[in-house]
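Chemist: Take this structure, written in structure tokens, and hold onto it; I'll ask about it next.
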Amino acid sequence: MTEHVAAAPQSQARLSFWRNLQLMLVITRREIRDQLRDWRIILPVITLTLIFPALMNFTAKQAVDFVQRYNAPVIGERLVPFLLMIVGFFPISVSLVIALESFVGEKERRSIEPLLCSPLSDAQLYLGKLLAALTPPLLASYLGIGVYLIGVYTQVEWRPSPTLLAQIYLLSTVQAVVMVSGAIVASTQTTSVRAANLLASFIIIPMAFLIQGEAMVMFWANYSVLWWAILGQVLIAGLLIRTGLAYFNREELLGREIDILNLGWMWGVFRRSFTSGQRSLWGWYRRGVLYDLVELRSALLVTLIALLMGIYAGVQAAQQFPMPPEIIPAGRLTGNFYLELQKLGFISPLGAGLIWLQNLRVLALATFLGMFTFGVLGLLLMMLPIGMIAYITVNVAAAGFSPVTFLLALVAPHGVVEIPAILIGGAAILNLGATLTRPAQGKTLGEAFLQGAARWARIMLGVVLPLFLLAALLEVFITPRVAQILLSGL
Amino acid sequence: MILTEELSKRFDSFTAVERVSLQVGRGQVLALLGPNGAGKTTTVRMLSSVLRPTSGRAQVAGYDVLTQSEQVRASVGVLTENHGLYHRMPAGEYLDFFGQIYSLSAERRKQRIHSLLEQFGLEQDIRRSVGEFSKGMRQKLALARALLHDPPVLLLDEPTSAMDPESARLVRNAIHTLRSEERAIVICTHNLAEAEELADQIAIIRQGRIIAQGTAAQLKERLLGPPEFEVRLAVSLDSAALRLPIGAVLTMRGDDWIRFKTLEPRWVNPAVTQALVEQGFPVVTLQETPRNLEQVYLQAMSAASVNTAQTASGEVI
């Protein structure tokens, strides 16, 4: 009896899963049928599937013959797998156009409205369309790879290893998912295909860089690096799909009819969120900044883990690429050390200002990078100084000096303030980058981003910048004195 | 069937719909009238759980539009302002696609598609691509899509726009039939004659607010005053002084006609006829001056404009 009761929700969940899948596939089937009726899609897909691989075969054959004449077979050996990757990539480039057409095109033609009025869920619609935008270009890509491989085997008897073949298939697949999911995010923010095409540059340019990087890997022939490219893109695709699911919703799709830059409204949202409705500085700290710090706890934890990873990476780097002991400066800290710094003008308010400005520059760069990478690159940048400290500490220890004394002398006096500032700043940047991946909760992407930016600005102005200023003052006026006292006796 | 209470929708700083309260029962038709951008489409979108209300609440077919959106969407048939058809798809395939979305069985889909296409005179075009259809045919196909799953609530945005008179009549007749099947229907239209013909209730919306609501007769009385009657006389009035009985108020006069208003036509009209005859003006005809929804609409809009202007000047002061 108990078993039956327990089985019922399970079977219901199974039914619901199949029902969801069924409805999603209804959308996918219609979209694919529609694509197959459109010669503008069919023609490039056929060309890139059948004619382009044959052209690449010809190129590969000619290149191999040519370089063999000059006894440089390695170029030919590297060119053939590189072309394999290109043959896999070219057909999936069409997926970007299909996705833009499928999402924003339907929105522009208003044919999406009857679908939005139907019982379909946002996720069913999103995933159905995602699958439809991926399937034909991916099938074309797989087929193109097959055509290329047959040709290249027939002509120069080259066969890829099963691992490389799997890597190329996976790479093509994740690239397509990244492009399509990126195109969907762009589509949710526009009301016309024209505007979406403009926004698509944010997908095309990074993809172009990525392909160049992958091309270098293919010529370098260190194919294991491709796994990292695949993993990185899987993560990016995951974040883009999460963002797409959060913003591909009825409210966002039909709630805005025109793309207007409403600066007054933007400033209003930012100002309201930044001030948290408080009129006094104390109230702003108590109700705004402190609340933010509590809200940041998950981001703080992730940043802390990232900083620990930075330490680990620094230690690893020190073991692999040790510094020559003669350049370790600890032993050279004599009585002149403080005077030398004074002569350089370092021990002055200007010196502190320069350090502070340098930290602000890093913070600004990390924020800029973080905004476009869901906070990831921003966090990596914030990990850098921590990793460098770890790297130098290990080298100092390897040179026979006490790492504890080194840390207490050169890092701790200002680090006690600067490291928490890095931690909180990194968390704020991560939080801002992650704003785009969170569910909309009735807000537009722009509104959510503006509120995220206001929160970021509040933490920066309220906590991080004052901490960095204090750290800079300590670094200039206290650290050299402590360093001289502790290290001159070494 | 449809019940809204203080329903509002704001987009950023713009209020599209403000505190709209409506009630449409089974077998009733509500016509939502208003200029472009008044908030009609936004109201329909909230009623079909496509947009989330910013405040207020609404129930459609017994389901809450906010918390039971999937059930609401399954219970409504929506004819959108733009047809939203796929031009490369044949008509039959298009309806079959929507039938699958509404989880109709293959047999039911086939039966409904044939019955609806036949009803709208499109059965010969089942295999033709929608792109080859005329505007009116597309509108009829979109209406067939809205009716495909036999929904208890219909939300029709401009159901007869772009249709020739014959097709428009066909659609209006279809709406009459649908009403008799005890559905709740909301029609957004600019065609006031159509609204008067089809609707049991009229709601006039301006700048997101309902400015007038009621039956056509109620609105006429409320906004245009008591009914007006015109009397045609057999002789010229010249400048003769006229004495009308108590209860009749003279509103206009011409060479051989007069107009008067009364709250009690049943008693006053015979008395007016008698008084005119007694004063030497034989009556040829007496009939009510036709008053249509257009007058009501224009009067409502004009009154609302005056109110807005007064409110604005009051704020300045």
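Listed in order, the protein sequences are those of chains R and V.
Numbered by numbering that gives the first Met the number 0, the letters in the first sequence go through residues 0 to 489 in order.
Numbered by numbering that gives the first Met the number 0, the letters in the second sequence go through residues 0 to 316 in order.
Note that CB positions come from ideal geometry on N, CA and C, so glycine has one too.
1. To the nearest angstrom, how far is the alpha carbon of V/T250 from that of V/Q286?
2. Look at the alpha carbon of V/S45 and the alpha carbon of V/V64, and state the distance between them as a whole number of angstroms.
3. To the nearest angstrom, report how far apart R/A408 and R/L485 are at their CA atoms.
4. Which residues does DSSP pair with V/Q286 in a beta bridge?
5. Can the beta-carbon of V/A161 be found less than 8 Å from the beta-carbon of V/L94?
6. State the Cα-Cα distance for the pair R/T372 and R/A228, rounded to the nearest angstrom.
7. Which runs of the alpha helix (DSSP H), 4 residues or longer, sit entirely within the region 188-236 of chain V?
8. May I have the straight-line CA-CA distance separating V/E277 from V/T288, to the nearest angstrom?
9. Check the Cβ of R/P72 against every Cβ in chain V and list those closer than 7 Å, keeping chain order.
10. Would you call the region 194-214 of chain V and the region 133-147 of chain V touching, i.e. three or more CB-CB distances under 8 Å?
11. State yes or no: is the C-beta of V/E80 within less than 8 Å of the C-beta of V/T40?
12. Thinking C-alpha only, which one of R/F367, R/G424 and R/A471 is nearest R/A411?
13. Taking just the CA atoms, how far does V/L116 sit from V/R87?
14. Name the chain R residues that come within less than 8 Å of V/V59, Cβ to Cβ?
15. Give me, in chain order, the residues of the same chain whose beta-carbon lies closer than 6 Å to that of V/F132; leave out the 5 immediate sequence neighbours on both sides.
16. By a C-beta neighbour count over all protein chains shown, 10 Å radius and 16 as the cutoff for buried, is V/N306 buried or exposed?
17. Closer than 8 Å by beta-carbon distance: list the chain V residues that pair up with R/D33, in chain order.
18. Mapping the DSSP letters down to three states, classify V/Y296 as helix, strand or coil.
19. In chain order, what are the residue ranges of uninterrupted alpha helix (DSSP H) at least 4 long that sit wholly in the region 159-226 of chain R?
20. How close, in whole Å, do the beta carbons of R/V416 and R/L473 come, if the pair is a contact with beta carbons under 8 Å?
21. Once DSSP output is grouped into helix, strand and coil, what is the label at V/T66?
22. Around the C-beta of R/P80, are 16 or more other C-beta atoms found within 10 angstroms, so that it is buried, or is it exposed?
23. To the nearest angstrom, how far is the alpha carbon of V/L243 from that of V/P269?
24. Go ahead and label V/H148 buried or exposed: buried means 16 or more other beta carbons lie within 10 angstroms of its beta carbon, across all protein chains shown.
25. Report buried or exposed for V/I100, applying the criterion of at least 16 other Cβ atoms within 10 angstroms of its Cβ.
26. Kindly list the residues whose CB is nearer than 7 Å to the CB of R/I111, restricted to its own chain and excluding five residues on each side of it in sequence; keep chain order.
27. DSSP on R/F65, reduced to helix/strand/coil?
28. Out of R/I45, R/I428, R/L115 and R/F273, which one is the CA nearest neighbour of R/G287?
29. Note down, in chain order, every chain V residue with its Cβ under 9 Å from the Cβ of R/D37.
30. Under 8 Å between C-beta atoms, does R/S186 make it to chain V?
31. How many whole angstroms separate the CB atoms of V/I184 and V/L177, which I take to be in contact at a CB cut-off of 8 Å?
32. Of all the beta strand (DSSP E) runs that stay within the bounds of the region 57-129 of chain R, which reach a length of 3 or more residues?
33. I want to verify the contact list: residues of chain V whose CB lies under 8 Å from the CB of R/V25, in sequence order.
34. Distance, Cα to Cα, R/A214 vs R/S223?
35. Do the region 50-65 of chain V and the region 119-132 of chain V meet, that is, are 3 or more Cβ pairs less than 8 Å apart?
36. Are the C-beta of R/S347 and some C-beta of chain V separated by less than 8 Å?
Modeler: Let me lay it out:
1. V/T250 and V/Q286: Cα-Cα distance of roughly 15 Å.
2. Checking the sequence, you will find Met at residue 45 of chain V rather than Ser. Looking at the two C-alpha atoms, the distance is approximately 7 Å.
3. 6 Å
4. V/E229
5. no
6. 15 Å
7. 191-197 and 215-223
8. Rounded to whole angstroms, the gap between the alpha carbons of V/E277 and V/T288 is 24 Å.
9. Residues of chain V with a Cβ closer than 7 Å to the Cβ of R/P72 do not exist, since the nearest Cβ in that chain sits about 51 Å away.
10. no
11. yes
12. R/A471
13. 18 Å
14. Under the 8 Å cutoff, chain R gives no residues; its nearest Cβ is about 12 Å from V/V59.
15. none
16. exposed
17. Y85, R87 and M88
18. helix
19. 161-187, 192-198 and 200-219
20. 6 Å
21. coil
22. With 16 or more other Cβ atoms within 10 Å, it is buried.
23. 11 Å
24. buried
25. buried
26. These residues qualify, in order along the chain: E105 and L252.
27. Correct three-state label for R/F65: helix.
28. R/F273
29. R87
30. no
31. Sure, about 6 Å apart at Cβ, within 8 Å.
32. The region 57-129 of chain R contains no whole beta strand (DSSP E) run of 3 or more residues.
33. F96, Q99 and I100
34. Roughly 13 Å separates the two Cα atoms.
35. The region 50-65 of chain V, when compared against the region 119-132 of chain V, does not touch it at the 8 Å Cβ threshold.
36. It does not: the Cβ of R/S347 has no partner Cβ on chain V nearer than 8 Å.
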